[in-house]
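Step one of this worksheet: look at the structure below.
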Amino acid sequence: MQNRHKYWLPVALILSLAGTIATAEEQPEEEIPPWYQFEVLIFERISAGAGSTEFWPEDPGTPSRLNAIPLTEALAQEIGLREPIETAAPPAPEPEPEPFRPLAESEWQLSEQHQHLSRSRNYKPLLHVAWRQQVIEPDQSQQLLLELPRSSNPQSAIDEPLRLEGTIRVGVKRYLHLETDLLLRQWETEDGMTGDSLEFRPAFRTFRMQSQRRMRSGEIHYLDHPIIGVLFLASRYELPTEPVEDETPVDGEVESQPKQEPVSTSS
22 MQNRHKYWLP VALILSLAGT IATAEEQPEE EIPPWYQFEV LIFERISAGA GSTEFWPEDP
82 GTPSRLNAIP LTEALAQEIG LREPIETAAP PAPEPEPEPF RPLAESEWQL SEQHQHLSRS
142 RNYKPLLHVA WRQQVIEPDQ SQQLLLELPR SSNPQSAIDE PLRLEGTIRV GVKRYLHLET
202 DLLLRQWETE DGMTGDSLEF RPAFRTFRMQ SQRRMRSGEI HYLDHPIIGV LFLASRYELP
262 TEPVEDETPV DGEVESQPKQ EPVSTSS
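Next up, the structure:
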């Protein structure tokens, strides 16, 4: 499908994106794969007439889940599908972070953009997740599975397709390479007959977005589509180092003998 139009974001959001500056033109060759922190924010266009001028196939196919590992298990907590896990004090820094583990919301870098979209009448945030991983050649990198969990109502979740599903993969050659394959379903309601009873039969329109993008680190990238929008940020992540104890005393900590007061000899 050839798109001849650009689908721009709100002015406030564009201004917030403009403040982000690229930190590297290309990635240096290294023996040890470098660590990066990645963040993706997927949203839906809900403005009147969005996508109405485009031709959409009835069955665009579905993203392949072959060898993909789930990335969004923690998103169930975000929409209230399970109780949040109680956490104790932050653990001590580890030599290497756990790859492909969703990061806490406090570590997001696109929170401001999320808030702009949430307040807009034309956009609706669907999925927001961040993680860390080492980057290798694109054809050898791990494919990650993105899913928006089903409704928390067991009755409505019976035979209910996922609202949003897809895959994402990041690799590096001279530049970072991003591949996305996303499928979004917009629900409609139609009257239909099932057996001897009249009930509402769910129907939906399906939109698929397949994209490849060469990226720079430290720069927010916007993937354009009439219905689906994606903001993606890649940031170089430096592994935490163990602090080295310095035994040299600082000023004021050197032990000294107490000062002797003069003894009075007056009678």
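Each number in this note's numbering corresponds to the 1-based position in the sequence shown with 21 added.
Glycine is no exception: its CB is placed at the ideal position from the N, C-alpha and C atoms.
Practice task
In the DSSP assignment, find the unbroken beta strand (DSSP E) run with S238 in it and report its ends.
Solution key: From DSSP, S238 is part of no beta strand (DSSP E); its letter is neither H nor E.
Practice task
Using the DSSP secondary-structure output, state which residues sit across from R66 in a beta bridge.
Solution key: Y144
Problem - 6 Å Cβ shell around L138 - same chain, five flanking residues per side excluded - result: F64, Y144 and P146
Exercise for the section: Mind checking which residues open and close the beta strand (DSSP E) that includes E186? Expected result: L185 to V193
Handout entry: Under 8 Å between C-beta atoms of V156 and P55
Key = yes
Problem - Reduced DSSP category for P118 - H, G, I as helix; E, B as strand; rest coil - result: coil
Practice task
Could you check the C-alpha separation between R103 and P84 for me, to the nearest Å?
Solution key: Only weak support is given to the placement of R103: the predicted model assigns it a pLDDT of 38, under 50, and the value that follows is read from those uncertain coordinates. Rounded to whole angstroms, R103 to P84 spans 27 Å at the Cα level.
Handout entry: Exposure of T201, with buried meaning 16 or more beta-carbon neighbours within 10 Å
Key = buried
Practice task
Tell me, to the nearest whole angstrom, how far the beta carbon of Y57 is from that of A224; I am working on the premise that it is less than 8 Å.
Solution key: Between A224 and Y57 the Cβ distance is about 40 Å, and since that is not below 8 Å, they are no contact.
Exercise for the section: Using 10 angstroms around the beta-carbon of I249, count the other beta-carbons present and answer buried if the total reaches 16, otherwise exposed. Expected result: buried
Handout entry: Own chain partners of L92 with C-beta closer than 8 Å, once the 5 adjacent residues on each side are dropped
Key = F121, P123, V150, W152, L165, L166, L167 and I189
Practice task
Taking L169 as part of the beta strand (DSSP E), name the residues at either end of that continuous run.
Solution key: Neither: L169 is in no beta strand (DSSP E) and is coded neither H nor E.
Handout entry: Reduced DSSP secondary structure (H/G/I, E/B, other) of L205
Key = strand
Problem - Own chain partners of E89 with C-beta closer than 7 Å, once the 5 adjacent residues on each side are dropped - result: Per the sequence shown, the amino acid found at residue 89 is Ala instead of Glu. Once the five neighbours on either side are set aside, the close Cβ partners of A89 are Q164, L165, L166 and T188.
Problem - Bridge partner(s) assigned by DSSP for E200 - result: R190 and Q233
Exercise for the section: Please report how far the alpha carbon of L148 lies from the alpha carbon of D160, in whole angstroms. Expected result: 25 Å
Practice task
Give the secondary structure of H246 by DSSP, where H, G and I count as helix, E and B as strand, and everything else as coil.
Solution key: coil
Handout entry: When Q154, E209 and L131 are compared against V193, the one with the closest alpha-carbon
Key = Q154
Practice task
Between the Cα of G82 and those of S68, Q231, E158 and L62, spot the shortest distance and give me the residue it belongs to.
Solution key: Q231
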